[in-house]
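Reading through the structure tokens given below for one structure.
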Amino acid sequence: MGSVSRRRAAAGLALVLLAAAAIGFPVVFSSPVVTNYAIYALIFIAVVTAWNMFSGFSGYISLGQAVFFGSGAYAVGIAARDWHITGVGVFALLPLAAVVGAVIAVPFGLVALRVRRHTFIVITIAVFFIFQLMAYNFSFTGGSVGVSAPFLPWSPTTFNDRFYYLTLGCAVVAVVLAVLVRRARFGLRLRAIRDDEDRARGLGVRTMRVKLAAFVLSATITGLVGGVWFLYLTQVQPPSGFDPLFDLSLVLMAFLGGLGTISGPIIGALIIEPGQLYLTIKYTNGYLSEILLGALFLAIVIFVPRGIVPTTGEWLKRVRTRGQSAIPPASQRAPAATGLRSKEPATSDEGRSRLKRRPEASGKTGRAGEKI
Amino acid sequence: MARQIYQAIVDGILVGGVYALMAVGLTLIFGVLDIINIAQGVLVILGAYLSYSLETRLHVDLFLGLLITIPVMFVIGVFIQWAFIRRLRGRERTSMTLLVTYAVALIIEGILYEIYGPNPKQLTASYVQSSVHVFGFYLPYIYLYGFALALVLIAAIYLLLYRTTFGRSVRATMQDHTAARLIGIEVNRVAALTFGVGVGVTAAGGMLFGATNAFNPNSGYDLISRLLAIIILGGLGSIGGALAASVFMLTLESLVDIWSPEWAIVVFYAALVLVLVIRPTGFFGRQPVRAQ
């Protein structure tokens, strides 16, 4: 038991240090160029955590998260324009962005969540394109010109710092919500849906209600962050608000870090978003950065197919249990299964026939290899 | 007005043939490998650029050039499957293949930008500009030839699937990978060849697309989302369904286009959402898409 409390203390200390580093960051790095990177990273941490809260936990991979992001941005922009809100007052519109995200998610979810796997993915893409085209075609969205934000009376030196803390707040709220969801019965139901939806339903999980609730929660956060992003960038056009690359970046970040974990998407966002931004700034023609991004995708899928966090967790566990007997006492049986599984040849072709049996085994021992 | 509507229907059917040719590879790959090949859109554009290079550098006729581009694209397809798709196993395979094929699409797109630049190109030939006047309809030759080519190629794929040993092993693999392996079918080889065939057909689709539309390396994204809508609507894995769905969708789009060109594309996706609400398996889906 002593080691558990010691580990808790260490985790608490790490959290405090992390918080101190996050709060002190703009004081140390005051250059707007650096804080710009940090703001984008924080925006993506918040959104990818929100995405993961639905897609990562439930296994329904959505490529339509930009629908909520763009709608949040447009909601703030259009409301500020039509209600003639200027100056700092626009921040009062951020709850509206969250509400708009939630309101859109309800019909979207009711339609899309009826189908699974590939069809779900394609429906989310279709809805995404409908929204992008609507932004182009409606007159109140300003067509291809888009919407501009009202001028904020902040000096250029403090502008980035204030947005840094705002986005930091968003990211913290998203992560705390994700932790709460994951620990709650609600999160357990979501993961039951991911492992076997039909069985979860057989066990009494109201799957549609659970999925829709997670979808709406995820959309609410994303809409809010979309509003913040709009105020920071001060403008939104259909291709930037509803950007297909945005959705794929989210998926990539979550996969790189570890789908369905809490820290994985954060790590993924911290690695990929600054990298992507750096490449686009450095190679302004964008072609080389595209090729590099594609190569990075492939490298991730081939070398860390299950994400950094689960892979490292397994590696640590193998190091820690080295030299212990192969058959563990019954109380530790579940973690030991992890070690065995990781040794399975992922590329061998027999994997396919074994896969069929896998849900049976994981149903009893819990999903092995899972790490927070 | 009635004349306009008839013309729109005829246009829709002809353009639908071109889209069917692009969609058929996608649905075939899905049926056998159970993956969505996001790169298909960019591969169509790659096929168009190959035809473009043959035509401008070597002055090869567009249709004759297919004899070169189809085998080249076949090899590219086999390579993609062998190098990247083959490795993916496990529970996240669906989303992983999505990422991998998207990565392939990004790389191909980047390379096309480096070689050809961002300016839109269009394939030209004597029969691209001219049209024939039949029963009061203006029918561009390229669409007529294209529709004929689409029917021929789709029929060829049908024959390949239903009249040859290879086709039988493809269909066996579609039904049950494990059982197919057990009776001695080399599933990996079938998968690679199918991917090759699916991408190879795309060369023809790309040529027709390039002759009827201006394209640049970025055109693949709009295309892939339309193709996905078509194959989902037709029922994943169904070749006849892909043909029916593309004719249906393109006719619908060209009809709406009479009244409002801006909203015609929205109708495209809205139709998909509506149909799936009523019938989650699409028009011709054999097994329910809902099943996990």
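In order, the protein sequences belong to chains A and B.
Just so you know, the first sequence maps onto residues 1 to 372 in the numbering used here.
Just so you know, the second sequence maps onto residues 1001 to 1292 in the numbering used here.
Ideal Cβ placement from N, Cα and C applies to all residues, glycine included.
- For residue 1001 of chain B, the number of other beta carbons within 10 angstroms of its own is below 16, and it is reported as exposed.
- Ranking A:181, A:5, A:277 and A:97 by CA distance to the CA of residue 58 of chain A puts A:181 first.
- Residue 1177 of chain B counts as buried, since no fewer than 16 other beta carbons sit within 10 angstroms of its beta carbon.
- Close CB contacts of residue 238 of chain A within its chain, under the 7 Å cut and outside five residues either way in sequence, are with 132, 135, 136, 144 and 146 (chain order).
- Note: residue 147 of chain A is bridge-paired with A:236 in the DSSP secondary-structure output.
- Taking the Cα positions, residue 19 of chain A is about 18 Å away from residue 265 of chain A.
- Sequence-distant partners of residue 1253 of chain B (beyond 5 residues in either direction) whose C-beta falls short of 8 Å from its own C-beta, in its chain, are 1012, 1264, 1265, 1267 and 1268.
- Chain-ordered, the chain A residues with CB closer than 7 Å to the CB of residue 1096 of chain B read 301 and 305.
- CA-to-CA, the gap between residue 152 of chain A and residue 15 of chain A works out to about 33 Å.
- Here the segment 297-311 of chain A makes no contact with the segment 64-73 of chain A; the two share fewer than three CB pairs at distances below 8 Å.
- Chain-ordered listing is empty here: chain A has no CB closer than 7 Å to the CB of residue 1189 of chain B, the nearest sitting near 12 Å.
- One finds 1221 in chain B with Cβ atoms closer than 7 Å to the Cβ of residue 244 of chain A, taken in chain order.
- One thing to note: residue 1208 of chain B has its Cβ within 8 Å of the Cβ of residue 1021 of chain B.
- Our two residues, residue 92 of chain A and residue 224 of chain A, have alpha carbons roughly 11 Å apart in a direct line.
- By the rule that beta-carbons nearer than 8 Å mark a contact, residue 1046 of chain B does not touch chain A.
- In this structure, residue 220 of chain A sits near residue 102 of chain A, with a CB-CB distance shorter than 8 Å.
- Across the structure, residue 1283 of chain B and residue 1230 of chain B are spaced so that their CA atoms are roughly 10 Å apart.
- Any Cβ of chain A closer than 8 Å to the Cβ of residue 1252 of chain B would place that residue at the interface, and such an atom is absent.
- Straight through space, the alpha carbons of residue 110 of chain A and residue 1276 of chain B are spaced by roughly 12 Å.
- Using a Cβ-Cβ cut-off of 8 Å, residue 193 of chain A does not count as an interface residue toward chain B, since no Cβ of chain B sits closer than that to its own.
- For residue 1140 of chain B, there is no enclosing alpha helix (DSSP H); the enclosing beta strand (DSSP E) covers residues 1137-1140.
- Using a CB distance below 8 Å, the part of the segment 1176-1200 of chain B facing chain A consists of 1177, 1178, 1181, 1187 and 1188, ordered along the chain.
- Residue environment: residue 1278 of chain B is assigned as exposed (fewer than 16 neighbouring CB atoms within 10 Å of its CB, all protein chains considered).
- Beta-bridge annotation (DSSP): residue 1215 of chain B is paired with B:1121.
- Residues are counted here when their Cβ sits less than 8 Å from a Cβ of chain B; for the segment 70-87 of chain A the count is zero.
- DSSP, read as helix, strand or coil, puts residue 1134 of chain B in strand.
- Listed along the chain, the chain A residues whose CB falls inside 7 Å of the CB of residue 1103 of chain B are 294, 297 and 298.
- For residue 1280 of chain B, the neighbours in chain A by C-beta distance under 8 Å run, in chain order, 114, 115 and 119.
- Under the Cβ distance rule, residue 1256 of chain B does not count among the residues neighbouring chain A, no pair being separated by less than 8 Å.
- Around the Cβ of residue 255 of chain A, a 10 Å sphere holds 16 or more other Cβ atoms; the residue is buried.
- Within chain A, the residues placing a beta-carbon under 9 Å from that of residue 1225 of chain B are 122, 125, 126, 128, 129 and 244, ordered along the chain.
- For residue 68 of chain A, the nearest beta carbon of chain B is not closer than 8 Å to its own beta carbon.
- Judged by beta-carbon spacing, residue 49 of chain A lies within the 8 Å limit of residue 174 of chain A, meaning their Cβ atoms are closer than that value.
- Counting along the chain, residue 261 of chain A sits inside no alpha helix (DSSP H), nor does DSSP assign it H or E at all.
- The Cβ neighbour count for residue 1165 of chain B, taken over all protein chains shown within 10 Å, is under 16; the residue is labelled exposed.
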